[in-house]
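Undergrad:
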Amino acid sequence: MAMIFLGGSRDIFELPIPAVERIGAIVSAEHGVLIGDAPGADAEMQGLLAGYTYEHVGVFHAGPQPRNNLGDWAAYCIPPPHGAKGFAVHVGKDREMARRADFGLMVWDGASPGTCLNVLRLAVIGSPCVIYDTLRGRVATVHHIPDWRAMVHHAGPGVRRDVEARMTADERLALKG
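Read left to right, the sequence shown gives residues -2 to 174 (the working numbering).
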């Protein structure tokens, strides 16, 4: 069973039809799903999976309980580092989902640095990721770091700065390699 990391931007509250269809194909193929607990794309994808009464789902969260677990699936707590605030609270769970994934599927608003970094994490380990870029109405597959660079190039300098500000030393090193 392949493991698929599903995720996306917190500002997305309606999934593009091709993403809905792709998730339907994941369910039909009975792949495992790794998903976060955030509002937005994560919750929308969870709602879709719950509608299928799909069982092969693991919800990753950083708090004591998932913010969203719409199918009452197995929940995996990845506690944040002591004193973490803001996005840093959730980065550990994102890294863990990327580490476990064979593939990714992200719905990106063209601006979310967290979603962009999740695609990078998958590219670093060679796990292909399909990205539905809702801002530009594009679909692309990122296989490796050069593909990720092309994706980020279209995002604009503000997004690139936000992504760079959130990168770990290891992620920066991977970009130089």
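Ideal Cβ placement from N, Cα and C applies to all residues, glycine included.
Quick one: give me the first and last residue of the alpha helix (DSSP H) that R5 is part of.
TA: Residue 5 is actually Gly in this sequence, not Arg. It is not in any alpha helix (DSSP H) - G5 instead sits in the beta strand (DSSP E) that spans 0 to 5.
Undergrad: For the segment 100 to 111 and the segment 70 to 77, state whether three or more C-beta atom pairs, one from each stretch, are separated by less than 8 angstroms.
TA: No, the segment 100 to 111 does not touch the segment 70 to 77.
Undergrad: Can you check the segment 58 to 100 for any alpha helix (DSSP H) of at least 4 residues that lies completely inside it and give the ranges in chain order?
TA: Complete alpha helix (DSSP H) runs here, min 4: 88 to 97.
Undergrad: If I measure Cβ to Cβ from G37 and keep anything under 8 angstroms in the same chain, skipping five residues before and after, which residues do I get?
TA: Counting only Cβ-Cβ distances below 8 angstroms, and skipping sequence neighbours, we find G5, S6, R7, D8, I9, F10.
Undergrad: Run through the segment 13 to 50 for me and flag every whole alpha helix (DSSP H) of 4 or more residues, listed as ranges in chain order.
TA: Counting whole runs of 4 or more residues, the segment 13 to 50 contains the alpha helix (DSSP H) stretches 14 to 25, 38 to 48.
Undergrad: What are the partner residues of I128, as DSSP defines its beta bridges?
TA: Paired residues: M103, A137.
Undergrad: What first and last residue would you give for the alpha helix (DSSP H) that runs through G148?
TA: The question names Gly, yet the displayed sequence has Met at residue 148. Run containing M148: 142 to 150, per the alpha helix (DSSP H) assignment.
Undergrad: If you follow the alpha helix (DSSP H) that E168 is in, where does it begin and where does it stop?
TA: Segment 166 to 173, the alpha helix (DSSP H) holding E168.
Undergrad: Are the segment 126 to 133 and the segment 42 to 61 touching, with three or more C-beta to C-beta distances below 8 angstroms?
TA: Counting Cβ pairs under 8 angstroms, fewer than three are found: no touch.
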